[in-house]
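One structure is given here, and the rest of the page talks about it.
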Amino acid sequence: MTSDDAPGWYGKLSMLGDFASRRLDAAWVRSCDQWLSAGVQASQRTLGERWLQAYLAAPVWRFAWAPQVIDERWWFGVLLPSCDNVGRYFPLLIVQPRAAAPSDRIALDHLDLWWSHVARAGSATLADHATQEAFEDALHGAPPWPGRGGSAW
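Position one of the sequence shown corresponds to residue 5 (the numbering used here), numbered consecutively onward.
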C-alpha cells in the first residue's frame with residue numbers, strides 16, 4: 005500500500021483493457037494474481053460450460069486476511085466478479101491493510117459500513133458509462149477508519 009488512505013485494488017475494470025492496480029505494491033499484486041488466476045482456472049475446469057453463468061452470478065465476498073496470509077498486516081476487502089472492456093473475465097479485489105483486527109462492536113460496525121461502501125464502489129464499475137475516475141472518487145470517499153490518529157482501530 006502507498007501512503008494514500010484510499011483502498012487499493014487489483015483486477016479487471018470494465019472501462020480498461022487489461023489488468024490494473026492502484027495503491028498496492030508489485031509483490032502483493034503478484035501473490036494475489038497467482039491465487040486468483042489459479043482459482044479462476046480451477047473453477048473453469050470444474051464448471052466447464054456453466055462457468056460464465058456461475059461467475060456472473062457470484063456474490064461480492066467480504067473478507068479479512070490475518071497476518072501471514074500476505075504479509076504481517078491484517079487485510080480487509082471485497083472480491084467480486086468483473087471484466088475488462090473487451091469482455092475478458094477476472095475478479096476485482098479491493099483491499100485495505102490494518103495493523104490489527106477490530107476489537108469492539110463499534111469497530112466491527114464501522115468495518116461493516118466500509119465493506120458495504122467499497123462493495124458498492126466495485127459493483128458500480130460494471131454499470132454502463134462507468135469511469136475509472138468515478139471508481140477512484142468512490143474509493144477515496146470510503147468511511148475513514150476509526151482511530152486514525154492513534155491505534156489501528
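Yeah, the Cβ is synthetic: ideal placement off N, Cα and C, and Gly gets one too.
Being a predicted model, the structure only gives us computed values, none of them experimental.
Let me know if residue 128 comes out buried or exposed under the rule of 16 or more other beta-carbons within 10 Å of its beta-carbon. The C-beta of residue 128 has fewer than 16 other C-beta atoms within 10 Å across all chains shown, which makes the residue exposed.
Measure the C-alpha to C-alpha separation of residue 102 and residue 125 and round it to an integer number of angstroms. Residue 102 and residue 125: Cα-Cα distance of roughly 20 Å.
Inter-residue CB distance, residue 85 and residue 71 (contact presumed, cutoff 8 Å): Contact annotation, residue 85 with residue 71: C-beta distance approximately 28 Å; criterion of less than 8 Å not satisfied.
Would DSSP call residue 52 helix, strand or coil? If DSSP states are grouped into helix, strand and coil, residue 52 belongs with the helices.
For residue 56 and residue 141, I'd like the C-alpha separation in whole angstroms. Their backbone Cα atoms lie some 30 Å apart in a straight line.
In chain order, which continuous runs of the alpha helix (DSSP H) of length 4 or greater are located wholly inside the region 7-72? Secondary structure remark: continuous alpha helix (DSSP H) runs of at least 4 residues inside the region 7-72, in chain order: 30-51, 55-60.
Terminal residues of the continuous alpha helix (DSSP H) containing residue 145? Run containing residue 145: none; DSSP gives neither H nor E here.
Can at least three beta-carbon pairs, one atom from the region 104-124 and one from the region 74-94, be found at a separation below 8 Å? Yes: the two stretches touch, three or more of their Cβ pairs being nearer than 8 Å.
Shortest alpha-carbon distance to residue 88 belongs to which of 34, 132, 122? Nearest C-alpha to residue 88: 132.
Residue nearest to residue 138 in terms of C-alpha spacing, selected from 122, 73, 21: Cα-wise, what sits closest to residue 138 is 122.
Decide if residue 100 is buried, meaning its Cβ has at least 16 other Cβ atoms within 10 Å, or exposed. By the 10 Å Cβ count, residue 100 comes out buried.
Classify residue 27: buried if its beta carbon has 16 or more other beta carbons within 10 angstroms, exposed otherwise. Buried, since its Cβ has 16 or more Cβ neighbours within 10 Å.
Helix, strand or coil for residue 80? Go by DSSP, reduced to three states. Of the three classes helix, strand and coil, the one that applies to residue 80 here is strand, per DSSP.
Taking just the CA atoms, how far does residue 51 sit from residue 97? Each residue's Cα considered, the two are about 22 Å apart.
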